[in-house]
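Number 57 in the numbering used here belongs to position 51 of the sequence shown; there are no gaps in the numbering.
Ideal Cβ positions, reconstructed from N, Cα and C, are used throughout, including at glycine.
All remarks here apply to the structure that follows.
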Amino acid sequence: MSSIFTKIINGEIPAHKLAENDSYLAFLDIRPLAKGHALVVPKQEIDYLFDLSDEQLSGLMAFAKRVAKGLEATVSCKRVGVMVVGTEVPHAHVHLVPFQKEAQIDITRKPIEMTQEEMAALAEQIRPNITT
């Protein structure tokens, strides 16, 4: 059965996409810890990050770096944190979380509230700042 991320990749479920190439996709998290919280996934459905080939893992991180730079250019933050957490979705992924204080990247925190309209507008602002 396809993961929710595979369904997003295939266009079966809507998402606020930020960047995409043949191998990777970045989109806004629907339960953001901070404004601009994004997920970066390989398009190939592999459950565990460290089961990715060396080439896939390095490609994922290089892609995530470009997305992080785009987030930094758009969202007021001290840094963009990187997290590899969660087993709720059986699809390798990294979280990119813009933050002012490190406490903002605590995965156990209650997500911030953002409407779909706010997320769509934010995605529109971020996209031009990501180099592909």
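Using only CA atoms, which one of the options lies nearest to residue i?
i    : options               : result
E78  : G17, L58, I132, N27   : I132
A70  : T114, A126, S29, M120 : S29
M125 : A21, K13, E51, P104   : A21
K49  : V103, Q62, Q106, K41  : Q62
H99  : A109, K116, D57       : D57
F33  : L55, L102, M120       : L102
K41  : I111, I52, T138       : I111
I113 : G87, K23, A129        : G87
A129 : G92, V91, V73         : V73
Q122 : K23, S9, N16, I10     : K23
With DSSP as the reference, identify every bridge partner of residue i, one or two as the case may be.
i   : result
R85 : F105
V46 : A32, V100
Throw me the rounded Cβ distance for the residue i and residue j pair, which I believe falls under 8 Å.
i   : j    : result
L39 : I118 : 7 Å
D53 : H43  : That belief does not hold up - the Cβ atoms of D53 and H43 are roughly 22 Å apart, past 8 Å.
S8  : V95  : About 11 Å separates the two Cβ atoms, so there is no contact after all.
V90 : L55  : 6 Å
A25 : T138 : 6 Å
I15 : L31  : 6 Å
For residue i, which residues of its own chain have a beta-carbon under 7 Å away from its beta-carbon, when the five flanking residues on both sides are left out?
i   : result
T12 : E51, H97
Mind checking if residue i is an interface residue toward chain D, Cβ cutoff 8 Å exclusive?
i   : result
A44 : Considering every chain present, this structure includes no chain D. It has just one protein chain.
Taking 8 Å as the limit between beta carbons, can you name the residues of its chain near residue i, skipping five residues before and five after?
i    : result
M120 : P38, K41, L128
Can you name, in chain order, every residue of its own chain whose Cβ lies under 6 Å from the Cβ of residue i, other than the five neighbours on each side?
i    : result
P104 : A40, G42, L77, V81, C83, V86
Problem - Residue ranges of each beta strand (DSSP E) within the stretch 10 to 35, 3 or longer - result: 23 to 26, 30 to 34
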